[in-house]
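In my numbering, the protein residues as written are 91 to 298. Just so you know, even glycine gets a beta-carbon here, dropped at the ideal spot from N, CA and C. A quick write-up on the structure given underneath.
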Amino acid sequence: MEFVSALADFQAEASCPICLDFLKDPVTINCGHNFCLSCINMSWKDLTDTFPCPFCRFCCLERKFASNLQLGNLAEIAKLLQIRRSKRKRQEEKFVCEKHNQVLTFFCQKDLEVLCPRCSFSTDHRNHYIWPIEKAARYHRERLEYCIEPWKERVEQVEKVITMQTRKSVELKKKVEYRREEIRSEFDSIQLSFPHLFGELTFSENPC
């Protein structure tokens, strides 16, 4: 179950927040989030001044992004795992080989397939690295966690930046409101002094 959970997290990280499909030609924008190149281009198509992140709404000042080849490779792996998992869904739910009706206890590293003992000796997997499914699950879980951890750290950093910017925005809004009240108060004082000034001016022009 832990492996399935880690796999789900890995596939989520390898998905585009816009199209919700696995990332194609992934690029990373300034806030750290990743999108398909075509998706982010479409999202920013008519923008000229600021470019908000479609996921966190962080405003990027430039139409700038960096290609992420490593994430592209991970997305291809996630896609392959998803395809193979969907093909074997019924067998995996039973943990029994459909062909030989034996428990799936081995894993083929090259083909990324779970195997029963008879499948592990078939010509389809000859000269492939076959190992116990428990060890394979532990290895791939650790590998997935290793791949996911840097992205979690980047998300946490971006969340901190967003929180800080939100706090600064609130403080700036308060300062603007305070200055507006000061100006309004000064304006009211000037208005109140108009009748008095007008009276003095009239008296000075007509002393008698």
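Asked, Found
"For threonine 253, three-class secondary structure by DSSP", "helix"
"For tryptophan 134, three-class secondary structure by DSSP", "coil"
"Exposed unless 16 or more other CB atoms sit within 10 angstroms - verdict on serine 210", "buried"
"Strand pairing of valine 117, partner residues [DSSP]", "Phe125 and Ser157"
"Buried versus exposed, by CB contacts within 10 Å (16 or more), leucine 110", "exposed"
"Check whether arginine 174 and glutamate 203 have beta carbons under 8 angstroms apart", "yes"
"Cysteine 209 (DSSP reduced to helix, strand or coil)", "helix"
"Rounded separation between leucine 159 and valine 251 - CA only", "25 angstroms"
"Proline 222, DSSP secondary structure in three states", "strand"
"Member of Lys265, Pro240, Val266 and Gln101 whose CA lies at the smallest distance from the CA of leucine 170", "Gln101"
"Same chain, Cβ closer than 8 angstroms to cysteine 106, five either side skipped, listed in chain order", "Phe112, Leu113, Lys114, Pro116, Asn124, Phe125, Cys126 and Cys129"
"Cβ pair isoleucine 119, phenylalanine 155 closer than 8 angstroms", "yes"
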